[in-house]
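Chains as they are written, first to last, in the numbering used here: chain D, 44 to 284; chain Z, 135 to 241.
Just so you know, even glycine gets a beta-carbon here, dropped at the ideal spot from N, CA and C.
Below is one structure, written out as structure tokens, with a few remarks after it.
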């Protein structure tokens, strides 16, 4: 990592921009809800800086306000955030090569940052990693900016922003379409849609993510094995000729 | 709720969340080399995870026709159609979100 590359910072900002509104406004909603539950802005900031997970932070408000056994809190955090363990798998090599930035990259790998990181293709590894760092930093700053504004201003929103969180859905959809066009093997995407939908109906909305991700990963491993064996068979045929 | 209790709850949340994020890195760092199959799994996961995340965003669709299914499916349709025509993710984000925000106010 040699110094600060302004061009990479600019690209990082442009790449992170699609989540600007959702992170700032949902962060604000979080700060406001915390304030309404009697927690000053510095508590909200502390949590947004160091916990930094969307949905779980909202659940944590009710835990903080009402009190809950610590084991319940730990179990809830484990179940709600377990999907994040899967994201690192794609970037093990990248993050391990990032030196001092490594721990921050691991901490800041949210659903949205993972999604945007996956769109960075066709550039040298070093530049890609530098851009990944800046866009992760911007995402984290957006979230904390929103939290601070919400905590300080309370309910002074000039406009009803209900529904702005749909940009996250739209973001995942556009990335999904982009990957569909770019990656020839459509089995992972199709498996994700099918297994996700079936698990949603089987396990219900609040607990389907973990089983869905485990089953999809197992399916990808089976696809990979099958592909590996097919390739080996092809090699054997070549040998015979 | 005492301050000590609040701090304990926040600390536990930080620890669990960071533990889950660093878990895959724990398993294969230093001397332990990452097996090749896991590397290939990591590379194959993005489209599958994106699909599961979309299902996650639409998780209330089968359970709430009026407030979730109609506005969300129209929002997704707007996103997909604009992406097909313009191939610009920012335009698709804005049009999809605008349709959704309009629908939840109209329906």
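The beta carbon of residue 248 of chain D sits closer than 8 angstroms to some beta carbon of chain Z.
Cβ neighbours of residue 181 of chain D within its own chain (closer than 7 angstroms, five residues either side excluded): 55, 56, 59. By a beta-carbon distance limit of 8 angstroms, residue 193 of chain Z contacts residue 248 of chain D. Their separation comes to about 4 angstroms. Among the residues facing chain D, residue 188 of chain Z is included, as its CB has a counterpart in that chain under 8 angstroms away.
Rounded to whole angstroms, the gap between the alpha carbons of residue 152 of chain D and residue 121 of chain D is 16 angstroms.
For residue 160 of chain Z, the uninterrupted alpha helix (DSSP H) run begins and ends at 137-161, by DSSP. Put simply, the backbone Cα of residue 146 of chain Z is about 24 angstroms away from that of residue 251 of chain D. Residues 238 of the same chain have their beta carbon placed closer than 6 angstroms to that of residue 258 of chain D, with the five preceding and five following residues left out of the count. For the region 161-177 of chain D, the set of residues with a beta-carbon nearer than 7 angstroms to any beta-carbon of chain Z comprises 161, in chain order.
The C-beta distance from residue 97 of chain D to residue 183 of chain Z rounds to 16 angstroms, too long to meet the 8 angstroms contact threshold. Residues of chain Z with a Cβ closer than 8 angstroms to the Cβ of residue 254 of chain D do not exist, since the nearest Cβ in that chain sits about 10 angstroms away. Rounded to whole angstroms, residue 256 of chain D and residue 155 of chain Z show a C-alpha spacing of 15 angstroms. Residue 63 of chain D is outside the set of residues whose beta carbon lies under 8 angstroms from a beta carbon in chain Z. Residue 152 of chain Z has a beta carbon lying within less than 8 angstroms of a beta carbon in chain D.
Below 8 angstroms, enough C-beta pairs join the region 216-227 of chain Z and the region 210-228 of chain D to call them touching: three or more.
Beta-carbon to beta-carbon, residue 241 of chain Z and residue 196 of chain Z are separated by about 17 angstroms, too far to satisfy the 8 angstroms threshold.
Following the DSSP letters along the chain, one finds residue 197 of chain Z in no alpha helix (DSSP H), marked with neither H nor E. Put simply, of D/111, D/172, D/156 the residue whose alpha carbon is nearest the alpha carbon of residue 141 of chain D is D/172. For residue 259 of chain D, the residues of chain Z that pass the 9 angstroms Cβ criterion are 179, 182, 183, 185, 186, in the order they occur in the chain.
By the criterion of a C-beta distance shorter than 7 angstroms, residue 64 of chain D is surrounded in its chain by 207, 210, once the five residues flanking it on both sides are discounted.
Residue contact with chain Z for residue 124 of chain D: present (Cβ-Cβ distance below 8 angstroms to some residue of chain Z).
Residues of chain Z whose Cβ lies closer than 7 angstroms to the Cβ of residue 101 of chain D do not exist; the shortest such Cβ separation is about 12 angstroms. Restricting attention to D/77, D/174, D/88, the CA atom closest to the CA of residue 160 of chain D is found in D/174. Rounded to the nearest angstrom, the gap between the Cα atoms of residue 111 of chain D and residue 166 of chain D is 48 angstroms. Within chain Z, the residues placing a beta-carbon under 9 angstroms from that of residue 90 of chain D are 144, 147, 148, ordered along the chain. For residue 202 of chain Z, the CB contacts under 7 angstroms within the same chain, skipping 5 residues up- and downstream, are 194, 195 in chain order. A contact is defined here as three or more CB-CB pairs under 8 angstroms, and the region 206-213 of chain Z fails this definition with respect to the region 261-270 of chain D. By the 16-neighbour rule on beta-carbons within 10 angstroms, residue 103 of chain D is buried.
Taking a 10 Å sphere around the C-beta of residue 137 of chain Z, we find fewer than 16 other C-beta atoms and assign the residue as exposed. Interface criterion met: the Cβ of residue 239 of chain D is under 8 angstroms from a Cβ in chain Z. A Cβ-Cβ separation of about 7 angstroms places residue 91 of chain D in contact with residue 70 of chain D under the 8 angstroms criterion.
Counting other Cβ atoms within 10 Å of its Cβ, residue 131 of chain D reaches 16 or more and is therefore classed as buried. With respect to the 8 angstroms criterion, residue 119 of chain D and residue 177 of chain Z are not classified as neighbours on the basis of their beta carbons. Taking a C-beta distance under 8 angstroms as the contact criterion, residue 84 of chain D and residue 184 of chain D do not qualify as a contact pair.
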